[in-house]
Amino acid sequence: MATISLSSVRKSMAAAGLTALVAVTPLLAATDAQALGNNRTVSRSCGSNYVGSGFNGTQNWAQTKKVSGTCAGRLSAALIRSDGYWTTRVYGTSTSAYASYNSTYKGRNGLHWGCDNCNVTYS
808 MATISLSSVR KSMAAAGLTA LVAVTPLLAA TDAQALGNNR TVSRSCGSNY
858 VGSGFNGTQN WAQTKKVSGT CAGRLSAALI RSDGYWTTRV YGTSTSAYAS
908 YNSTYKGRNG LHWGCDNCNV TYS
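Note that this note's numbering has the sequence shown beginning at 808, numbered continuously upward.
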C-alpha cells in the first residue's frame, strides 16, 4: 500500500490553488472593460465622448460628456442595476447627460449614448 506524506499533500493543494488563481485572473481582467467605473474617452460615428460611471456606497451614477464631434443631438445615460434591470434613460443636452439612482448595492454598468441614434457604450 502506498503512503502519501502530509508534505506532498500540502504541495499538491498549493499548486492546485495557484493554478485556479491563474485561471481566474484573465476572466477578471477581461470583465473590467465592461464594469462600472471604467471611465474613458470613446470615439464613435457621432464624435468623441467621455464616459464615466461609479458607485459611492449609496448612489450609482453614469455621465456622458461631449469631447468633440459635429453631432448636435442630445447625449443620454442610464445604468444597469445589480439585478440586471436598466434604469430609465436620461436625456441631457448636446454636451452632457447624467443618470443616477440610490442603492446600497453597486450597479453593473453605466450606459452612454452620444446622440439618439448613436450606439450605446458601456462603462
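Cβ atoms here follow ideal geometry from the backbone N, Cα and C, with glycine treated the same way.
Find out if the Cβ-Cβ distance for the pair HIS919, THR877 is shorter than 8 Å. no
Determine the direct distance from the alpha carbon of ARG851 to that of TRP868, and round the result to whole angstroms. 22 Å
GLY844 and SER855 look like a contact to me (Cβ under 8 Å); what is the Cβ gap, rounded to whole Å? Actually they do not touch by this definition, with Cβ atoms about 20 Å apart.
Would DSSP call GLY880 helix, strand or coil? coil
First and last residue of the uninterrupted beta strand (DSSP E) at SER903: 903-909
Report the option in TRP893, ARG915, THR911, ASP923 whose CA atom is closest to the CA atom of ASN863. THR911
Candidates ASN926, ASN916, SER907: closest to SER889 by CA position: ASN916
Taking all protein chains shown into account, decide if SER875 is buried (16 or more other Cβ within 10 angstroms of its Cβ) or exposed. exposed
Roughly how many angstroms lie between the CA atoms of CYS853 and ALA879, to the nearest whole one? 9 Å
Going by CA-CA distance only, name the one from ARG847, GLN866, THR865 that's closest to TYR857. ARG847
Can you give me the C-alpha to C-alpha distance between GLY899 and SER907, rounded to a whole angstrom? 13 Å
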